[in-house]
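K.L.:
So the protein sequences, as listed, match chains A and B. The working numbering puts the first residue of the first sequence at 423, with every later residue one more than the last. The working numbering puts the first residue of the second sequence at 3, with every later residue one more than the last. The C-beta atom is built at its ideal place from N, Cα and C for all residues, glycine as well. On a predicted model such as this, the values are computed, not experimentally measured, just so you know. Before anything else, here's the structure in question.
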Amino acid sequence: MLSFVIAGLAVGALYAMSAMALVITYNASRVFNFAQGGMAFFLAYCFFFLSNPDTGLGWNTWLSAALVVLIAGPLLGLFLWWILLGKLGNLAPLTKVAVMIGLQVALVAVTTLIFGHEPVYLVYGPVGEPSVIFSVFDVNVSNEQFIIIVTAAIVALGGYWVLNKTMAGLVTRGSVDSELMTVLTGTNPKFVIASTWAIGTAVAGLAGLMVLPKVGLSPGGFANLIAASMAGAVIGKFTNLWRAFFGALLLGVVQEVLVLYLPSDGLLGTALRPSLPFLFMVGAVLIYSRNKDVRADTQKVEVASVNNAYEVSLSHYLNVMRNPKGHWDRWVGYVVLVVVMVGIPVIFNDYWTGLIAVGFAYTVVFLSYRLVTGEAGIISLSQISFAGLGVIAAAYVVNNDTVFGAKGTVPILLAMLIGGVVAGVIGAIVGMICLPLGPLYAAIVTFAFALLVDQAVYTRDEFSNYGSGLPFGRPTLFGMDFDTPKKYYWFAAAIMFIIMFILWSLRRSTTGLVFATIRASRVRAATLGFDIFIARLGVFALGAAVAGIGGTMVASFQLVAFPNGFIMVIGLVWFALAVAQGTSSMGGLAAGGMTLLLMPAIFSEFLPERLADLPVLLFGLVAINMVKDPIGIQPGVRAQFRRLAIKLSGGSTHDPGPVDDDNVNSKVSAGV
Amino acid sequence: MSTINSTTLRAEGVSIRFGGVQALNKVSLEAQPGQITGLIGPNGAGKSTMLGCISGTLEQNEGTIFVGETSVGKTTPQKRASMGMARTFQGPQLVTELTVREHVILADRAGKQVRAGKLVTSLNFIVALIPFFSRGISKAEIANADALLNELGLGKDKDKGPSDLTLGQRRLLEVAICLATNAKIMLLDEPSAGLDRSETENLGQMITKLARERNITIVLVEHDLELVFGICDRVFVLDFGQLIDSGTPAEMRASKAVQAAYLGTVED
Ligand SMILES: Nc1ncnc2c1ncn2[C@@H]1O[C@H](COP(=O)(O)OP(=O)(O)OP(=O)(O)O)[C@@H](O)[C@H]1O
Ligand SMILES: [Mg+2]
């Protein structure tokens, strides 16, 4: 027992340090560091490069570790603050999350571009090979465990000291609530924020180095560390350092001690431990959502919504689109669309036509972002898991005797529908957990859920068919077989357009108006009588169902249900791409779904293998670019076309811009 | 004064604190249907906070709110909307993506559905999510919306978005949304701020007509004392979260306590 507690403390100490880094940076800058895993990954690779005698420089491990944690870490933090992180403070939550996910994706891609993308499984941390150094009460403690626990204790004490005994700590906590306090204490808030990023990155790197021996070096390897530290952050409501620290520590201990009590195989044995971060979050959310202070539905502050950067870009866009002239341009678009759609299977061979058909399937998955993020304004990082769960459910009913029919007799089309329904039901359950609290909680809970699905569902042999995937088939409809790429192309296109039509009419309906209101102002929506929670939950579930159907379309083309194509790490890339294109624009999401597939295919045709991660880097960078263009790429392109059409119709596109009411407002609130 | 209709609005002993600030301290008031009840007081007196407690966007620490005989003090804003309450916001809560006219049409639909209990019960809402069950915008709806907007003087701007409106127009749109819901109880938070004299008079006439002809209970929070004393039937005065006086406009005009509060002198 005690040895498990000690092992747990060593694991939990890593989680706790990492959680502390999340909370410190959030406190100072109000930006939640979704890129912490990427930062740790980059720094860990730097360490590996410096210390490895075979492929790197072979320096002393302690020296390498010190260089990475004390110099490279802070420098990376400062550099990122300087080019990006310092500019995020006042952006809308969705933009912040998208940019940070973009940064995560880009950092991982940069790391693998620099250091190569072969995962390294056996890496020693600074401690080297673990050995027993002493024993207490008959329990052996390894030098590694000892050093981890001591380091975490030092970091925690250091954090305590800085926060409670120094001016910088006062300011860090002060700058959370008001810039004023910072001004009063005379410290430059920029300096404080920059230093917290430097420290946060260093601590994240430190935790990353120490977890290395457990997880090796691979892009997804730090996911557990990050999920556990996010659970800590949620327990601390993002701002309470000590709750976060001890919450994460406890999580580590529970995770290790559970080994004692769990069977070594079966669902409970394999699924419970990786699910713990998610379960801890669920617990925290359930407790906190009873307290109305943090409930998003009862937002107490009445903020006018017209002033932030997102709203400004949006109103510029809408001004162009509301211009009475030039609306004929959509017909040009439709004609081009029809010509292209008909042309593709004629011009391209089976390989490329099939690839584009899969692009339609991905587009369907991406259209789920229009519902979840575009309509309901929810930041969801688990759309990919809903797609994967849909795939698994569909393949399962085809390959097993179920209520829907004996093995092999369930029609593929029915199975696809079942996949959608299962994904929708699971989506409803996840929604109930992630929607009662604010947008950041939704992002983190869905992140943890995606990881849970990766580790507890995809790994099960009855779903993964021992890694090779369950066989799946092509649908038949009215005696038609969609068995060739060209036929499947038309099938996928039909489903895609049906779903697009549904989404289009949804936006035009009362429901669309209601969601526009919910996104803009909760208090307005509530006082008009709209049930915000139910509305968002409904759309979240619908979005999960659409993602599930899209997933089954991919599997159907590939003739195999391969859940490992739907893991969280890839999901982050999807999210970055979808949001960068503009989640409320169907054209943008279609562009997203197509680029996701075509760009790597095109790159791998023309570029060397070593640069395989270049497209991913680009996807990350477009998401980062949302700092400048928060409504996404597609609306901007659309507006350009409309401007042209307006000009051709002899109209004027002069845009006076939104009326700046800052002055008026302050006059009014200062009292007339 | 003490007859209680089904749309009589009463607040009893409402208190609320924000951290150390006692924003309201045991405030009671009553508003009758067919009348305009004024709520005045200097900046930061707690007027908007009071409307928040009445409409349910804020939850009071003590006291309760009655609509008719029913206590609604612990219910959601949605529930209160279904009981016929609507409000405007001092800092306009408008939707960039909707045009002025769409705001009004949505409010109209919301009012109808909410009274039919539709948007509030979950099952119906999910049905309404299916696009084929919900309608596009009809000619009649457009005509109704335009009539209301013309009356408020927003006729020219009905295809604009809220970001192209002046602050005064945004406040008017807030009023238009409130009116479009056809609520029986309307809470107006400084609707005249940013309007000129003639616009304010027009607004005052509309509010009066509404109260009298459709027997609506109106609570009017205003800084424009001329307007308040001109159209209100009864006025409540707040200062530092306390109800310091109430009575007819004439009484309030003469009240020493009110003058002191507005002039900022301390009373013995
Ligand atoms: N959400 C809140 N959090 C903290 N304090 C608040 C909040 N809302 C209001 N207050 C405080 O409560 C007091 C009353 O504010 P309220 O907005 O109700 O005043 P008001 O009478 O409407 O003033 P005005 O004429 O400026 O609109 C003020 O001191 C204000 O600072
Ligand atoms: Mg006010």
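Applying a beta-carbon distance threshold of less than 9 angstroms, which residues of chain B neighbour aspartate 1051 (chain A)?
P.N.:
Per Cβ cutoff of 9 angstroms: no residues; aspartate 1051 (chain A) is ~16 angstroms from chain B at best.
K.L.:
Does the beta-carbon of alanine 252 (chain B) have 16 or more other beta-carbons within 10 angstroms, so that it is buried, or is it exposed?
P.N.:
When all chains shown are included, alanine 252 (chain B) counts as exposed.
K.L.:
Does any C-beta atom of chain E lie closer than 8 angstroms to the C-beta of glycine 460 (chain A)?
P.N.:
Protein chains in the displayed structure are A and B, and chain E is not among them.
K.L.:
Determine contact between the region 510-519 of chain A and the region 972-986 of chain A, defined as no fewer than three beta-carbon pairs at a distance below 8 angstroms.
P.N.:
The region 510-519 of chain A, when compared against the region 972-986 of chain A, does not touch it at the 8 angstroms Cβ threshold.
K.L.:
Just the chain B side, please: which residues come within less than 8 angstroms of serine 737 (chain A) by C-beta, in chain order?
P.N.:
Ordered by position in chain B, the residues that pass the 8 angstroms Cβ test against serine 737 (chain A) are Thr98, Gly163, Ser165, Asp166.
K.L.:
Go through the region 26-55 of chain B residue by residue and report every complete run of the beta strand (DSSP E) that reaches 3 residues or more, in order.
P.N.:
Correct list: 38-42.
K.L.:
Just the chain A side, please: which residues come within less than 7 angstroms of serine 84 (chain B) by C-beta, in chain order?
P.N.:
Per Cβ cutoff of 7 angstroms: Gly951.
K.L.:
Any beta carbon of chain B sitting closer than 8 angstroms to that of valine 943 (chain A)?
P.N.:
First, the amino acid is wrong: residue 943 (chain A) is serine here, not valine. By this cut-off, serine 943 (chain A) is an interface position.
K.L.:
Let me make sure I understand the geometry here. Which of A:Leu1019, A:Asp1035, A:Met975, A:Glu540 has the alpha-carbon closest to that of valine 786 (chain A)?
P.N.:
Nearest option by C-alpha distance: A:Met975.
K.L.:
Can you pull the DSSP bridge partners for leucine 502 (chain A)?
P.N.:
Partner(s): none; leucine 502 (chain A) has no beta bridge.
K.L.:
Taking the alpha-carbon of glutamine 980 (chain A) as reference, which of A:Gly934, A:Ala914, A:Thr1017 has the nearest alpha-carbon?
P.N.:
It is A:Ala914.
K.L.:
Using a Cβ-Cβ cut-off of 7 angstroms (strictly less than) and excluding sequence neighbours within five positions of glycine 705 (chain A), which residues of its own chain qualify?
P.N.:
Hits under 7 angstroms: none found.
K.L.:
With a threshold of 8 angstroms between beta carbons, is alanine 514 (chain A) in contact with chain B?
P.N.:
False, the Cβ-Cβ gap to chain B never drops below 8 angstroms.
K.L.:
Check proline 985 (chain A) in the structure and name its three-state DSSP category.
P.N.:
Three-state result, proline 985 (chain A): helix.
K.L.:
If contacts are defined as beta-carbon pairs under 8 angstroms, then aspartate 161 (chain B) and threonine 101 (chain B) qualify, I think. What distance do you get, rounded to the angstrom?
P.N.:
Yes, they are in contact, since the Cβ atoms of aspartate 161 (chain B) and threonine 101 (chain B) sit about 5 angstroms apart, within 8 angstroms.
K.L.:
Does threonine 1005 (chain A) get closer than 8 angstroms to chain B when you measure Cβ to Cβ?
P.N.:
It does not: the Cβ of threonine 1005 (chain A) has no partner Cβ on chain B nearer than 8 angstroms.
K.L.:
Using a threshold of 7 angstroms, is the CB atom of lysine 612 (chain A) nearer than that to any non-hydrogen atom of ligand 4?
P.N.:
Ligand 4 is absent from the structure shown, which contains only ligand 1 and ligand 2.
K.L.:
Can you give me the C-alpha to C-alpha distance between tyrosine 880 (chain A) and asparagine 822 (chain A), rounded to a whole angstrom?
P.N.:
When rounded, the distance between both Cα atoms is 17 angstroms.
K.L.:
Under DSSP, the beta strand (DSSP E) around leucine 222 (chain B) begins and ends at which residues?
P.N.:
First-last of the beta strand (DSSP E) with leucine 222 (chain B): 219-223.
K.L.:
Does the CB of leucine 935 (chain A) have a neighbour CB from chain B at under 8 angstroms?
P.N.:
Interface residue, yes.
K.L.:
Quick check on tyrosine 754 (chain A): does DSSP put it in helix, strand or coil?
P.N.:
One point to set straight first is that residue 754 (chain A) is valine, not tyrosine, in the sequence displayed. In the structure shown, valine 754 (chain A) sits in a helix (DSSP, three-state: H, G or I).
K.L.:
Please classify arginine 172 (chain B) as buried or exposed, where buried requires at least 16 neighbouring CB atoms within 10 angstroms.
P.N.:
So arginine 172 (chain B) counts as buried.
K.L.:
Would you give the residue range spanned by the alpha helix (DSSP H) that serine 425 (chain A) belongs to?
P.N.:
First-last of the alpha helix (DSSP H) with serine 425 (chain A): 424-451.
K.L.:
Threonine 477 (chain A): buried (16+ other C-beta within 10 angstroms of its C-beta) or exposed?
P.N.:
It is exposed - the Cβ of threonine 477 (chain A) has fewer than 16 other Cβ atoms within 10 Å.
K.L.:
Tell whether a beta-carbon distance below 8 angstroms holds between cysteine 55 (chain B) and isoleucine 42 (chain B).
P.N.:
Not closer than 8 angstroms, so no.
K.L.:
Report, in whole angstroms, the separation of the C-beta atoms of isoleucine 921 (chain A) and valine 961 (chain A), which I expect to be a contact under 8 angstroms.
P.N.:
That pair is no contact at about 14 angstroms.
K.L.:
Mark phenylalanine 613 (chain A) as exposed unless 16 or more other C-beta atoms lie within 10 angstroms of its C-beta, in which case mark it buried.
P.N.:
With fewer than 16 other Cβ atoms within 10 Å, it is exposed.
K.L.:
Helix, strand or coil for glutamate 143 (chain B), going by three-state DSSP, please let me know.
P.N.:
Helix at glutamate 143 (chain B).
K.L.:
Do you know whose CA, among B:Arg216, B:Ser84, B:Cys234, lies nearest glutamate 224 (chain B)'s CA?
P.N.:
Closest by alpha carbon: B:Cys234.
K.L.:
Measure the beta-carbon distance from arginine 958 (chain A) to glutamine 95 (chain B) and round it to whole angstroms, keeping in mind my assumption that it falls under 8 angstroms.
P.N.:
Going by Cβ atoms, the distance from arginine 958 (chain A) to glutamine 95 (chain B) rounds to 18 angstroms, so no, they are not a contact pair.
K.L.:
With 9 angstroms as the limit, tell me which residues of the region 47-73 of chain B have their beta carbon closer than that to any beta carbon of chain A; keep them in chain order.
P.N.:
Listed by position, the residues of the region 47-73 of chain B near chain A (Cβ gap below 9 angstroms) are Ser50, Gly54, Ser57, Gly58, Thr59, Leu60, Glu61.
K.L.:
Below 7 angstroms, is the gap between the Cβ of leucine 25 (chain B) and the nearest heavy atom of ligand 1?
P.N.:
Per the sequence shown, residue 25 (chain B) should be read as alanine rather than leucine. Because some heavy atom of ligand 1 lies under 7 angstroms away, the Cβ of alanine 25 (chain B) counts as near it: yes.
K.L.:
Is the beta carbon of glutamine 95 (chain B) within less than 7 angstroms of some heavy atom of ligand 2?
P.N.:
Result no, Cβ not under 7 angstroms from ligand 2.
K.L.:
Where does serine 73 (chain B) land, buried or exposed, given buried means 16+ other C-beta within 10 angstroms?
P.N.:
Serine 73 (chain B) comes out exposed.
K.L.:
Using 8 angstroms as the Cβ pair cut-off and three pairs as the minimum, do the region 757-765 of chain A and the region 990-1007 of chain A touch?
P.N.:
As far as the Cβ criterion goes, the region 757-765 of chain A does not touch the region 990-1007 of chain A, which means the pair count is below three.
K.L.:
Counting contacts by CB-CB distance shorter than 8 angstroms, is valine 122 (chain B) in contact with chain A?
P.N.:
Bear in mind that the predicted position of valine 122 (chain B) carries a pLDDT of just 49, short of 50, making it unreliable; the figure below should be weighed with that in mind. Yes, valine 122 (chain B) counts as interfacial toward chain A.
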